[in-house]
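Quick notes on the structure that follows.
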Amino acid sequence: MISDITAAVVGFAGFYIFLWALLWLTQDAREPPMVETAIPFLSPIIVMLMKWTTVHEYLRDKYGYPIHTLRLPGTRAYVVNDTSLIPAIHKQLRTLTAAPFVVKAFSNLMGVSKEAFEIMGRDPIEDHGFVHRLTTESKNSLAPGPNLDQLNTEVVDILNNSFSAICAAQEPKTANLFEWASHEAMMATTGAIYGPLNPFNDAKVRTVYYDLQAGLLRLLMGFMKPIFAKKPLEALETITEAFEKYYARGGLETGSSAFARGRYSCPREHGVSEKDVAKMEAGGIFALIANTMPAAFWTLYHIVSDPVVLADCRRELHGAVSEKDGQAHLDLTYVKNSCPIMVSTMQEAMRFHSIDLAMRAVVEDHMLDGKYLLKKGATVMIPGKIQHTSSLAWGPNVNEFYHKRFLKMPGTRTHNPVAFRVFGGGATLCPGRHFVATEILAFASMMLLRFDIKAVNGQWSTGGYTQTNGGIRLPRQDVQVELLPRDNKQWHVAFAGSGKATDIAEGVKDSEESMTEK
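Given below as structure tokens:
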């Protein structure tokens with residue numbers, strides 16, 4: 000018996016020494032320092048399971064490295080903590096690229112056919128490749144100009160009509176604020192993009208979308224999806240069928256946006272079947288609404304739950320409203336350009352609740368910033384939460400919600416704009432950032448002007464956060480509110496010059512998109 004125990008201990012010790020030697024012998028001294036190595040290759044997994052969404056903050060605070068290495072079974076990840084390293088990563092458009100992850104999503108998440116996947120996977124980091132062409136199409140159709148003007152006009156009209164219907168009832172409306180705001184943002188976004196035949200007009204599509212969102216990671220893993228991702232897989236199929244019907248009914252030719260038409264025509268021109276395009280759109284819908292919905296909620300929540308913030312924002316908004324013949328006219332261009340507290344509150348809501356994680360594949364060995372060796376085959380991670388909780392970037396009150404944080408005032412310390420990671424950065428800077436920013440700003444502004452919003456029980460607690468697969472955290476519990484119409488006037492919303500960029504994605508300026516590899 001003793002000999003058996005001894006043999007087991009010796010065997011375990013020998014195996015541990017082997018793993019320890021393998022870990023250190025395969026780590027180049029020029030790579031970022033390793034962390035969590037007590038149990039080679041397993042300690043990082045253990046700490047991830049223990050800390051979950053706070054793991055990157057925990058490791059940053061524990062070790063304090065500008066960038067560190069996590070050695071995982073079969074791979075390694077370089078986690079960026081120092082804001083100053085981010086621009087150097089953005090410059091490496093082809094050496095450090097997100098394209099392989101996009102291609103993987105086509106297969107694992109969207110479930111396209113083998114024929115379509117072959118087309119989509121060709122030359123993913125080259126300008127003539129499918130990934131680059133599709134990305135360029137999205138950027139062009141969402142760039143400031145006539146196409147963006149149309150989207151902004153449509154989304155504002157949808158919101159305004161919905162709010163007018165509530166006011167017409169001339170009585171308070173009771174609602175769960177997160178659920179209601181999410182629905183309004185979902186319908187406004189998809190309605191503006193897809194037009195009158197919007198697939199999300201179908202209640203079944205709206206319902207199963209949340210199953211898709213909840214099971215996103217299980218789909219991306221691609222492991223035995225019919226067993227471990229049955230519900231999101233069924234949701235994906237339902238939404239795919241809805242888009243197939245949308246195309247068959249001529250939805251693209253019936254008031255859809257240039258963005259929707261481009262997302263269809265680009266893959267079709269590459270030889271992708273209509274069914275596979277429908278799969279792409281069904282899987283890609285997550286990127287269009289998953290973050291917009293909670294961002295709209297949090298922006299409104301932080302305003303109406305704090306009397307000081309509410310007073311500041313309404314004071315600014317009064318200048319955007321004029322009356323003529325008993326009708327109210329709201330100039331949202333004025334809001335964007337002349338209501339800095341309102342814009343700052345929206346930005347702060349995004350910073351405070353964002354947990355976005357940007358990833359790049361290392362295509363070939365690269366010496367980052369002349370200091371750190373990044374090995375081919377590894378993954379570079381830029382956790383947005385690391386940047387958004389950096390006291391160096393945002394000051395000692397970084398963990399507090401401060402609605403005036405983004406104001407540019409003489410004599411005050413300005414934050415490091417590169418640390419604002421809500422919309423990503425570099426080549427993967429979100430092409431829809433101007434549209435999203437305008438929509439959320441319009442949503443919150445119209446709500447403040449047209450309604451008084453009161454918590455039914457006087458409590459504004461959201462009970463912390465619940466798990467999410469998106470880039471913006473979700474409230475653990477909803478807040479029941481009363482929407483009290485302030486008047487029943489006819490409201491007109493003007494958006495002259497709406498295609499102009501809303502300067503919300505500070506630090507990830509458009510110039511980064513045209514960076515050349517150095």
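Everything in the sequence shown is counted per numbering that gives the first Met the number 0, starting at 0 for the first residue and increasing by one.
For every residue, glycine included, the Cβ atom is placed at its ideal position computed from N, Cα and C.
Are the CB atoms of Leu-24 and Pro-39 nearer to each other than 7 Å? The Cβ atoms of Leu-24 and Pro-39 lie no closer than 7 Å to each other.
Can you give the Cα-Cα distance for Asp-156 and Ala-76, rounded to whole angstroms? C-alpha separation (whole angstroms): 45 Å.
Limits of the alpha helix (DSSP H) - the one that Ala-241 falls within: Looking at the DSSP string, the run of the alpha helix (DSSP H) that includes Ala-241 is 229–247.
Can you give me the C-alpha to C-alpha distance between His-352 and Ser-444, rounded to a whole angstrom? Approximately 20 Å between the Cα atoms of the pair.
C-beta contact flag for Gly-250 and Lys-230 at 7 Å: Taking 7 Å as the cut-off, the beta carbon of Gly-250 is found no closer than this to the beta carbon of Lys-230.
How about Thr-253 and Pro-198: are their beta carbons less than 7 Å apart? Cβ atoms of Thr-253 and Pro-198: not closer than 7 Å.
Exposure of Ile-16, with buried meaning 16 or more beta-carbon neighbours within 10 Å: If you draw a 10 Å sphere on the C-beta of Ile-16, you find fewer than 16 other C-beta atoms in it, and that means exposed.
By how many angstroms is the C-alpha of Ala-115 removed from the C-alpha of Gly-270? Their Cα atoms are separated by approximately 8 Å.
Helix, strand or coil for Ser-321 per DSSP? In the three-state reduction of the DSSP assignment, Ser-321 falls in the strand class.
Beta-carbon within less than 8 Å of Ser-513's beta-carbon, same chain only, minus the 5 sequence neighbours each way: which residues are those? At Ser-513, the pLDDT of 37 sits below 50, so the modelled position is not reliable and the matter cannot be decided from this model.
Measuring only the C-alpha atoms, how far is Thr-5 from Arg-217? Spanning the two alpha carbons is a distance of roughly 41 Å.
In DSSP terms, what Pro-171 is bridged to: Pro-171 is not bridged by DSSP to any residue.
Looking only at its chain, what residues have a beta carbon closer than 8 Å to the beta carbon of Arg-449, apart from the 5 residues adjacent to it on each side? Same-chain partners within the cutoff: Phe-162, Cys-166, Pro-484, Arg-485, Asp-486 and Trp-490.
Could you tell me the alpha carbon to alpha carbon distance between Ala-37 and Leu-141, rounded to whole angstroms? Taking the straight line joining both Cα atoms gives about 48 Å.
What's the C-alpha gap between Ser-272 and Pro-123? Cα-Cα distance, rounded: 19 Å.
Quick check on the burial criterion: 16 or more other C-beta atoms within 10 angstroms. Buried or exposed for Leu-158? Per the 10 Å Cβ criterion, buried.
Distance, Cα to Cα, Gly-261 vs Gln-466? Roughly 33 Å separates the two Cα atoms.
Alpha carbon to alpha carbon, how far is Lys-138 from Arg-350? Give it in angstroms, no decimals. Taking the CA atoms as reference points, Arg-350 sits about 23 Å from Lys-138.
Which word fits Ile-471, buried or exposed, when buried means at least 16 other C-beta atoms lie within 10 angstroms of its C-beta? Classified as buried, Ile-471 has 16 or more neighbouring CB atoms from the shown chains inside 10 Å of its CB.
What residue range is occupied by the uninterrupted alpha helix (DSSP H) comprising Lys-428? This sequence places Leu at residue 428; Lys is not what is there. Taken as a continuous stretch (DSSP letters only), Leu-428 belongs to no alpha helix (DSSP H), as it is neither H nor E.
Three-state secondary structure assigned by DSSP to Ser-510: With a pLDDT of only 36 at Ser-510, under the threshold of 50, the placement of this residue in the model should not be trusted; the figure read from the coordinates follows. Note: Ser-510 maps to helix in three-state DSSP.
Every unbroken alpha helix (DSSP H) within the segment 124–162, with a cutoff of 4 residues, ordered by chain: Counting only runs of 4 or more, we get 129–141.
Touching or not, the segment 73–93 and the segment 376–394, by the rule of three or more beta carbon pairs under 8 Å? They touch, by the three-pair rule.
Would you list the residues sitting across from Glu-481 in a DSSP beta bridge? Bridge partners of Glu-481: Thr-173 and Lys-453.
Given Phe-242 as reference, the closest of Ser-264, Ala-277 and Tyr-208 once Cα atoms are compared: It is Ala-277.
In this structure, does DSSP put Trp-23 in helix, strand or coil? DSSP places Trp-23 within a helical segment (H, G or I) once states are collapsed to three.
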